[in-house]
Amino acid sequence: MPLETPSFLITTAIDYVNGQPHLGHAYEKILADVIARYKRLSGRRVFFLTGVDEHGQKVQQSAQKEGVAPQQFCDRVQADFRALADSVGIGYDRWVRTTDPHHKAVVRSFLQQLYDKGEIYLQEYEGFYSVRQEQFVTEKDKVDGEWPEIFGEVVPFKEPNYYFRLSRYQEWLKQYVLDHEEFILPAFRRRDVLNALEQPLPDLCISRPRARLEWGIPLPFDEQYVTYVWFDALVNYVSFARGTDANGQPFDYWPADVHVIGKDILVPPHGVYWPIMLHALGLPLPRTLLVHGWWLNSGAKMSKSKGNVVDPKAYISAFGADTFRFFVTREMVIGQDADFSDQRFVDLYNSELRNQLGNLVNRVVSMINRYREGVVPVYDTATVGVQEVPLRNNEAVDGWRAALDNYQVSTALQEAWKLVQAGNLYIEETQPFKLAKDPAAAGRVDLILAHLAETVRRITVLISPVLPGTAAAIRTQLNLADVPYAVEDALFGKSLALHKIGEPSILFQPIEIVDGVPQIVEVKKKVKA
Ligand code: MSP
Numbered sequence: 113m114p115l116e117t118p119s120f121l122i123t124t125a126i127d128y129v130n131g132q133p134h135l136g137h138a139y140e141k142i143l144a145d146v147i148a149r150y151k152r153l154s155g156r157r158v159f160f161l162t163g164v165d166e167h168g169q170k171v172q173q174s175a176q177k178e179g180v181a182p183q184q185f186c187d188r189v190q191a192d193f194r195a196l197a198d199s200v201g202i203g204y205d206r207w208v209r210t211t212d213p214h215h216k217a218v219v220r221s222f223l224q225q226l227y228d229k230g231e232i233y234l235q236e237y238e239g240f241y242s243v244r245q246e247q248f249v250t251e252k253d254k255v256d257g258e259w260p261e262i263f264g265e266v267v268p269f270k271e272p273n274y275y276f277r278l279s280r281y282q283e284w285l286k287q288y289v290l291d292h293e294e295f296i297l298p299a300f301r302r303r304d305v306l307n308a309l310e311q312p313l314p315d316l317c318i319s320r321p322r323a324r325l326e327w328g329i330p331l332p333f334d335e336q337y338v339t340y341v342w343f344d345a346l347v348n349y350v351s352f353a354r355g356t357d358a359n360g361q362p363f364d365y366w367p368a369d370v371h372v373i374g375k376d377i378l379v380p381p382h383g384v385y386w387p388i389m390l391h392a393l394g395l396p397l398p399r400t401l402l403v404h405g406w407w408l409n410s411g412a413k414m415s416k417s418k419g420n421v422v423d424p425k426a427y428i429s430a431f432g433a434d435t436f437r438f439f440v441t442r443e444m445v446i447g448q449d450a451d452f453s454d455q456r457f458v459d460l461y462n463s464e465l466r467n468q469l470g471n472l473v474n475r476v477v478s479m480i481n482r483y484r485e486g487v488v489p490v491y492d493t494a495t496v497g498v499q500e501v502p503l504r505n506n507e508a509v510d511g512w513r514a515a516l517d518n519y520q521v522s523t524a525l526q527e528a529w530k531l532v533q534a535g536n537l538y539i540e541e542t543q544p545f546k547l548a549k550d551p552a553a554a555g556r557v558d559l560i561l562a563h564l565a566e567t568v569r570r571i572t573v574l575i576s577p578v579l580p581g582t583a584a585a586i587r588t589q590l591n592l593a594d595v596p597y598a599v600e601d602a603l604f605g606k607s608l609a610l611h612k613i614g615e616p617s618i619l620f621q622p623i624e625i626v627d628g629v630p631q632i633v634e635v636k637k638k639v640k641a
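Quick note: the sequence shown uses the numbering used here, first residue 113, plus one each step.
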């Protein structure tokens, strides 16, 4: 690809390693991967970051519980997150770990720069501290004048700490958000940030004394403290976007085009701390924070204590990465919450993947094999009249592109499915399987089959960001493995003329819920009469 190709930096939140990866983590990485694949398809030089957030109190505690060193604990758990990302086809360029020495050096250099500029100051905090939660609490946290049970013992507390002057930039940030519509998507989420900026913004405590927390990055100007985990984690977006490649060439992809995050970490970290940190450092801001909603399990919040956390591994190993990618991206509308249920999973799979997409491909590949010995026919435009063909469906392609340009992945899939549905409808309406018996209709059959082949080819392009494995499998059936993925086709229906295709094979076996568990049911092959 030529060097001048514009680059596209996309990132996900980095996951805490104190638990196991779940549906919410997997979804976010898939969403980002779909966008990354679409941008690559559109010719952008994509740089994609995802990974894990390894420092902080919770990780230190989890490691202690297991009686292992925090680094050892992180090494083990991060491997589970990475294995999940790999198993579901996340094509990241760098796997982020905040214990990486290069990252630590960048965090320290940012802190030093801010300290030198007078953006960071030392102050004694006087207030209350929850021993159980290991956090500062204020009078505002009281419920009916009492400390809530979850805080355990609350004691008066005095501690000097370092603070970052967020308050200085409150007005600037407000104006920035107002002036940049694309900064927070979907648009209704901007309100969350603007509301937070209605209240006076307190400065941010960015240090933790080492006496209380060892597992962090020491402050460069006072080694008695480590860095607050959010200040450390956010910096990953810059520290991993810059570096030296395998050939020793320096690269710098910053600023990000899009940070994909969940709604719980918009305010304050990504919507307030991060833009202010960057601005104070004199660095450009990311173009967009793309904020997705939460996955619920059959209407309930997923939590370890309820034991209802959806483990993506089981679905991926039973039904394949593509099926899982399809379900989550089709089901969740960006910004809204979505519900995971086995019934919905099975229904969407059987209707859209198996009955609609699977059937279309199977019918088209089978008919071309049966009626034209596997060769896509040439048709005569003058005699059969190309205008009647409903499959000249550029609308779906335009709709798909517009949706993906706005990161509306579910809508993009629905647009792609318009083409799938149009293909099936065309077969119903024109009945090529009947026409094939009539020698006088040979020209018409040529036209129909050529247009169907072309439609399936286009569909492979439209589904490829979400269903890369399926797109490739269909292309194998069409014998198009080496043909570039491009939707454009100057002469619709003719690009495959005289192309020899491959053999049909079933793409999606039916799934049923048996004894409460979704599973593949083998179809008995029909014996031909
Ligand atoms: N480590 C921080 C992020 C630092 S980014 C510089 C963190 N980690 S997390 O593991 O708690 O969450 C990681 C991402 O997963 C967040 O974007 C969060 O919104 C997302 N999800 C966690 N649970 C989720 C659901 N149930 N549903 C959808 N996504 C959710 O926060």
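A virtual CB, placed ideally from N, CA and C, is assigned to each residue, including glycine. Just so we're clear, the structure is a prediction, and the values are computed from it rather than from any experiment.
Going by beta carbon distance, what residues of the same chain come within less than 7 Å of residue i, once the five residues before and after it are set aside?
i: N420; result: N409, A412 and M414
i: L226; result: I232, F276, A392 and L393
i: W284; result: H391
i: F457; result: F439 and P630
i: V532; result: Q468, L469, L472 and I571
i: K177; result: none
i: L525; result: T441, R442 and V578
i: D454; result: I625 and P630
i: P646; result: One cannot answer for residue 646 here, as it falls past the ends of the chain, which runs 113 to 641.
Using a 10 Å radius around the Cβ and a threshold of 16 neighbouring Cβ atoms, would you call residue i buried or exposed?
i: E500; result: Any reading at E500 must be qualified, since the residue scores a pLDDT of 49, below 50, and its modelled position is unreliable; the value itself is stated next. Under this definition E500 is an exposed residue.
i: I625; result: exposed
i: G360; result: exposed
i: R570; result: buried
i: H382; result: buried
i: A508; result: buried
i: N536; result: buried
i: Y461; result: buried
i: E566; result: buried
i: N307; result: exposed
i: G136; result: buried
i: K151; result: buried
i: H214; result: exposed
i: N643; result: Because the chain in this structure spans residues 113 to 641, residue 643 falls outside the shown range and cannot be described.
i: V350; result: buried
i: V208; result: buried
i: A450; result: buried
i: V289; result: buried
Could you pull out every residue in the same chain whose Cβ sits closer than 8 Å to the Cβ of residue i, ignoring the five residues on either side in sequence?
i: Q621; result: R466, I632, V633, E634 and V635
i: A602; result: Residue placement at A602 is flagged as unreliable, the pLDDT there being 47, under the threshold of 50; a coordinate-derived value is accordingly withheld.
i: Y337; result: N273, Y274, S319, R320, P321, R322, P330 and L331
i: H134; result: M414, V421, V422, D423 and P424
i: L561; result: V476, M479, I480, Y483, R484, V488, P489 and P544
i: K229; result: A392
i: P260; result: D253 and K254
My guess is that residue i and residue j are in contact by the Cβ rule of under 8 Å, so how many angstroms apart are they, rounded?
i: I446; j: Q520; result: 6 Å
i: A390; j: V305; result: Going by the sequence as given, residue 390 is Leu instead of Ala. With a Cβ gap of about 15 Å, L390 and V305 do not count as contacting.
i: V490; j: A609; result: 4 Å
i: L564; j: Y538; result: 7 Å
i: N518; j: I618; result: Actually they do not touch by this definition, with Cβ atoms about 35 Å apart.
i: E236; j: K270; result: 6 Å
i: H167; j: V440; result: Not quite, the Cβ-Cβ distance comes to about 29 Å (not below 8 Å), so this is no contact.
i: Y365; j: L121; result: 4 Å
i: F333; j: Q224; result: 6 Å
i: Y597; j: L234; result: About 56 Å; that fails the 8 Å criterion.
Considering only residues of the same chain and omitting the five flanking positions on each side of residue i, which have a CB-CB separation below 6 Å?
i: R303; result: none
i: K375; result: V403 and G405
i: H611; result: V488
i: M444; result: A450
If we cut at 9 Å on Cβ distances, does residue i have a partner in chain D?
i: P380; result: Among the chains of the structure shown, chain D does not appear; only one protein chain is present.
>> Three or more C-beta pairs under 8 Å: does that hold for the region 360-373 against the region 257-264?
In response: no
> Are the region 158-172 and the region 118-126 in contact at 8 Å, needing three or more beta carbon pairs?
Replying inline: The answer is yes - the region 118-126 touches the region 158-172, with three or more Cβ pairs under 8 Å.
> Quick one: any contact between the region 394-402 and the region 166-182, if contact means 3 or more CB pairs under 8 Å?
Replying inline: No, they do not touch.
>> Within 8 Å, do at least three Cβ pairs link the region 174-190 to the region 136-152?
In response: no
> For the 8 Å Cβ check, are there 3 or more pairs between the region 129-141 and the region 303-318?
Replying inline: no
>> Between the region 383-390 and the region 193-210, can you find at least three pairs of beta-carbon atoms closer than 8 Å?
In response: no
>> Can you confirm whether the region 202-221 touches the region 341-356 when touching is taken to mean that 3 or more C-beta pairs between the two stretches lie within less than 8 Å?
In response: yes
>> Can you confirm whether the region 573-581 touches the region 426-446 when touching is taken to mean that 3 or more C-beta pairs between the two stretches lie within less than 8 Å?
In response: yes
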